[in-house]
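Novice:
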Amino acid sequence: MAVVSVLHLAFTACSERALEPDFKNPSDVFRPATDDQSEEALLRRQFQEQTGCYLLFNDTLQQEYLGTDINGTPRYFVETLDMTYSVGLSAYISTSYTYTYLDTQEQKSEAADFIQRFIMPHLTGTLRPYSWFAANVITGWADSGASTGKPYAITNQRCIAIASNYLVQRERTDAQKEQYAQRILNIVIGQLATNNSDAFSAFYAISADYYGRDYRTLGYDGKPSTSELYALGFLSSTSISSFPSTTQDLNSYALLAIQYTDEQLQQQYANYPLVLQKAAIVRAVLVELGYRV
1 MAVVSVLHLA
11 FTACSERALE
21 PDFKNPSDVF
31 RPATDDQSEE
41 ALLRRQFQEQ
51 TGCYLLFNDT
61 LQQEYLGTDI
71 NGTPRYFVET
81 LDMTYSVGLS
91 AYISTSYTYT
101 YLDTQEQKSE
111 AADFIQRFIM
121 PHLTGTLRPY
131 SWFAANVITG
141 WADSGASTGK
151 PYAITNQRCI
161 AIASNYLVQR
171 ERTDAQKEQY
181 AQRILNIVIG
191 QLATNNSDAF
201 SAFYAISADY
211 YGRDYRTLGY
221 DGKPSTSELY
231 ALGFLSSTSI
241 SSFPSTTQDL
251 NSYALLAIQY
261 TDEQLQQQYA
271 NYPLVLQKAA
281 IVRAVLVELG
291 YRV
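Numbering follows the numbering used here, in which position 186 of the sequence shown is assigned residue number 186; successive positions increment by one, without gaps.
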């Protein structure tokens, strides 16, 4: 009987140790260290308090010292922003991105003010991003090592990164900043819609019989003409062999919805009721999710 009691106590002690929490709040890597009282840290805290979004000026989220290897070389655990997957039809296709950073506190303040005053009023509710990364220049790179260009912005599910070099090269008027903000919105809106794809089920249902299917299996000799695509409810197709995917289709319509007024849509696509129907659905859902003109 005594042996059973000892075993029970040992099991209990092990169980209690196993239940000790070892939780790290993932938001911690997006905010400045508690003891950081620099101007940059104060700016980032103020931005988060006013907008509910985190603000970054570096793509390294954390760098934790792990000790040294057998040669005495320091080892670190490093976590960076992962911005490598597709961000919409207006984005560059690449497998990696590199960044140059903003140099001065004045530049960082300018970028933060631009995001807050010219972009965020358009992105409310569910569309409001988790975080922003204000870089100086963003460069995309293909697998071959060739540069694919310097996008204005890229986005994923937890961050929108913007290139701020246009803003800090010289003083810009509010009108110029509004135009630049629209360029950025044109790029990121498709991914923001995709992040909330469950809300677009009515949109997907209209073209469900065509997504990703080979043209020939549906009776076409080759790629349908533009008017044939419009008649089926597609704005375009980049493939020579198959209809767009759901993501490609939604990206196209999300961009259309924020670039065109109702009157412009009616004028351009009057003969294509499916295009008008799908555009109306996407616009209504984006507004419901929080997009503001």
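Backbone N, C-alpha and C define an ideal beta-carbon position, used for all residues, glycine too.
When you compare the CB positions of G251 and G290, do they come within less than 8 Å of one another, or not?
Specialist: The sequence as given places Asn at residue 251; Gly does not occur at that position. For N251 and G290, no; Cβs fall outside 8 Å.
Novice: For the beta strand (DSSP E) containing F77, name the first residue and the last one.
Specialist: P74 to T80
Novice: Excluding sequence positions up to five away, which residues of its chain have a Cβ less than 7 Å from the Cβ of L265?
Specialist: L276 and A279
Novice: Using a threshold of 8 Å, state whether the C-beta atoms of L56 and F133 are closer than that.
Specialist: yes
Novice: Given a cut-off of 8 Å on the beta-carbon distance, is the pair G140 and P129 in contact?
Specialist: no
Novice: Could you pull the DSSP bridge partners for F309 from this structure?
Specialist: Here the chain covers residues 1 to 293 and nothing more, so residue 309 does not appear.
Novice: Roughly how many whole angstroms lie between the Cα atoms of P244 and G233?
Specialist: 11 Å
Novice: Would you list the residues sitting across from I154 in a DSSP beta bridge?
Specialist: A161
Novice: Take the Cβ of N271 as the centre, count every other Cβ of all protein chains shown within 10 Å, and call the residue buried at 16 or more, exposed below.
Specialist: The residue in question, N271, is exposed, as its Cβ has fewer than 16 Cβ neighbours within 10 Å.
Novice: Secondary structure at Y215, three-state DSSP: helix, strand or coil?
Specialist: coil
Novice: So is S237 buried or exposed if we call it buried at 16+ other beta carbons inside 10 Å?
Specialist: buried
Novice: Which residues bound the alpha helix (DSSP H) around T148?
Specialist: T148 -> not in any alpha helix (DSSP H); beta strand (DSSP E) instead, spanning S147 to G149.
Novice: From G52 to D35, what does the alpha carbon distance come to, in whole angstroms?
Specialist: 21 Å
Novice: Could you check where the alpha helix (DSSP H) with Y180 kicks off and where it finishes?
Specialist: D174 to N195
Novice: Count the other CB atoms within 10 Å of the CB of S164; is the residue buried (16 or more) or exposed (fewer)?
Specialist: Buried, by the Cβ-count rule.
Novice: For I184, would you say it is in contact with chain B, using Cβ-to-Cβ distances shorter than 8 Å as the test?
Specialist: Of the protein chains in the structure, only one exists, and it is not chain B.
Novice: With a threshold of 6 Å on Cβ separation, who are the neighbours of I281 within its own chain once the five nearest residues in sequence on each side are excluded?
Specialist: Taking I281 as the centre and dropping the five residues before and after it, the same chain places the C-beta of A202 and F203 closer than 6 Å to its C-beta, in chain order.
Novice: Which residues share a DSSP beta bridge with Q238?
Specialist: According to the sequence shown, residue 238 is Thr rather than Gln. According to DSSP, T238 bridges with nothing at all.
Novice: Which residue's Cα is closest to the Cα of N195: R158, L229 and R117?
Specialist: R158
Novice: In chain order, what residues of the same chain lie with their CB nearer than 7 Å to the CB of I240, ignoring the 5 residues before and after it?
Specialist: Non-local beta-carbon contacts of I240 in its own chain, meaning distances under 7 Å to residues more than five positions away in sequence, involve K223 in chain order.
Novice: Measuring only the C-alpha atoms, how far is L81 from N58?
Specialist: 9 Å
Novice: Considering only DSSP beta bridges, list what S227 is partnered with.
Specialist: DSSP, once it has assigned bridges, lists no residue as partnering S227.
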